[in-house]
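Right, one structure below, let's go through it.
Residue numbers (our numbering): 535 to 890.
What follows is the structure, given as structure tokens:
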């Protein structure tokens, strides 16, 4: 395992920005090696379809090693199944609540080593490891050649020490228009660079002070997604929408909720009546938390969300990880689930550039 070198921190939008390296597994040396992101010049074609699988794998329950292994065995099976034959090569994986002592379960998994590069291989590269858990993002090797940046920004207010984890994928350059070509403005290519920016978040948990912190945390991602060279952006993860301001906030910030949009399209295709926001939130098929096990403190909820901005649209989104259990533990009456959360698996396409 190589030791990450220090990359100078910057400040943007009033927040410190900690640039990170990316890790790839070297089979010859049998270790994970760190490198600075270095995208190929051509960039990712706008026609590329890609996916995001996001899953909070509960850090509080016992049997971490077996639960993480079960979760990644399940992800491997899901992403390589006949129904998802291209997902293993185009699906980015967001994980929340990775317990810092169990990185080896993930970095040692053959599916991860063979198919993915990873933002972190230990808690040393997190903004803070004081909570004992954090986020990681896994980028398919087929998309890693477009990786232009990995960075973290601590949330402006977080009692639990949480942050946002960003990755940028370089997209194809916007073709020069006729005037630029006529004037020989090839030096403007740098200004044509544009990115797909993806953000892995775990917003503040529980009630009380967290009800104030969560909205500020989501708000803090918006300036990064509204930058002029960001062609499309997606924020996904465990958003803990249990406070008075959480439900309405994404729309107020200009996000499109992938689940809500897709759910309404499905119902429309089926000829069903229009579903309101309240209908969707109360629909058990929309919930991602509260059943594994049944919660006594909070009702089942759509805790996990995928929010879109810019030139991107969702093709499909489904829950994953439903009733995924550790085979070797528990019984029918008292199962050991991989996590208390379900995950989400969404597929996307970028909208074409009309100006090109």
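Quick reminder that beta carbons are idealized off the backbone N, C-alpha and C, glycines included.
Close Cβ partners of residue i (< 6 Å) along its chain, the five nearest in sequence each way excluded
i	result
residue 876	822, 853, 855, 856
residue 586	626, 770, 880
residue 728	705, 763, 765
residue 699	669, 671, 686, 734
residue 639	599, 602, 603
residue 869	859
Residue i burial status per 10 Å Cβ neighbour count (16 or more: buried)
i	result
residue 566	buried
residue 706	buried
residue 604	buried
residue 833	exposed
residue 808	exposed
residue 802	exposed
residue 873	buried
residue 865	exposed
residue 641	buried
residue 534	Given that the chain is displayed from residue 535 to residue 890, the structure contains no residue 534 and the question cannot be resolved.
Limits of the unbroken alpha helix (DSSP H) element including residue i
i	result
residue 610	598-613
residue 637	637-641
residue 796	792-803
residue 813	811-816
residue 744	743-759
residue 645	644-649
residue 575	Premise fails: residue 575 is in no alpha helix (DSSP H) and is neither H nor E.
residue 786	783-786
residue 677	675-678
Pair within 8 Å by beta-carbon distance, residue i and residue j
i	j	result
residue 749	residue 779	yes
residue 747	residue 692	yes
residue 751	residue 738	yes
residue 680	residue 578	yes
residue 661	residue 635	no
residue 757	residue 547	yes
residue 860	residue 597	yes
Pairwise C-alpha distance: residue j and residue i
i	j	result
residue 814	residue 775	14 Å
residue 652	residue 765	23 Å
residue 657	residue 663	6 Å
residue 744	residue 558	36 Å
residue 649	residue 609	12 Å
residue 793	residue 806	17 Å
residue 684	residue 755	15 Å
residue 741	residue 572	41 Å
residue 637	residue 655	6 Å
residue 964	residue 549	The chain is shown only over 535 to 890; residue 964 falls outside these bounds and no answer can be derived.
residue 839	residue 848	13 Å
For residue i, the first and last residue of its enclosing beta strand (DSSP E)
i	result
residue 839	838-844
residue 545	544-546
residue 595	Element bounds for residue 595: n/a, residue is neither H nor E.
residue 688	681-688
Cβ neighbours of residue i in the same chain (closer than 7 Å, five flanking residues each side left out)
i	result
residue 631	590, 591, 592, 593, 667, 736
residue 783	749, 752
Neighbourhood of residue i by C-beta distance below 8 Å, restricted to the same chain and skipping five residues each side
i	result
residue 844	759, 764, 765, 766, 767
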